[in-house]
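Residue 81 in this note's numbering sits at position 38 of the sequence shown, with consecutive numbering throughout.
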Amino acid sequence: MATNALTLKAVLFDRDGTLVVDVPYNGDPQLVEPCPGARRVLDELRSLGLATGVLSNQSGIARGLLTAEQVDSVNARVEDLLGPFDVWEVCPHGAGDGCPCRKPAPGMIHSACRRLGIDPSEAAFIGDIGSDIQAAAAAGARGILVPTPQTRAEEIKAAHEVAADLEQAVALLLQGLLLQGLLLQGPLLQGRA
């Protein structure tokens, strides 16, 4: 069962193309650039007591294009710029490895939810490509697609929920709480109720 706003306890994000500008196989922390609105939505979620996390396929490790240490240093830079996350999950495997963690498989969502002490139905996952949304569906979490120019048209068509940007995606998640009177209207919801 997918998340509804009344049970939302965590919002999980894809890293590249969702929270930060996608630099393929980035191992250089100095190349990390937040996507527009990323810090604002994360600050809003944290102020509401919701857990946040990042789940990222990093097949460049399996391909020998970057090391786990480089990925860790990029992730540390993401936290420097966007604030602390409650959970990180990184899949270092390649597409052909058949691992249960690589999106579109639900393994990273299941692991993140276990670590947070919640059921996947209490989480939402925001990403920029179809495999992100497929992973959310397979895990039983709510998935919202925030397309980029690299997102394929068929991925947009297949997604149940699509938002123009991160702020709209988070506003969609929080609207149900607002309508139930369970949430004071925060900056992301002003004018959207």
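Using N, Cα and C, we set each Cβ at its ideal position, and we do this for glycine too.
Three or more Cβ pairs drawn from the region 118-136 and the region 75-86 lie within less than 8 Å of each other, which places the two stretches in contact. Non-local C-beta neighbours of P135 in its own chain, meaning closer than 7 Å and more than five positions away in sequence, comprise Q101, I104, A105, A111, ordered along the chain.
The C-beta separation of Q177 from P147 comes to about 4 Å, placing the pair in contact by the 8 Å criterion. Three or more Cβ pairs drawn from the region 161-178 and the region 49-57 lie within less than 8 Å of each other, which places the two stretches in contact. For A166, the closest C-alpha among the options I172, A81, R157, S174 is that of R157. A straight-line Cα-Cα distance of about 19 Å links Q211 and A201.
Residue environment analysis places R195 among the exposed positions, since fewer than 16 neighbouring C-beta atoms fall within 10 angstroms of its C-beta.
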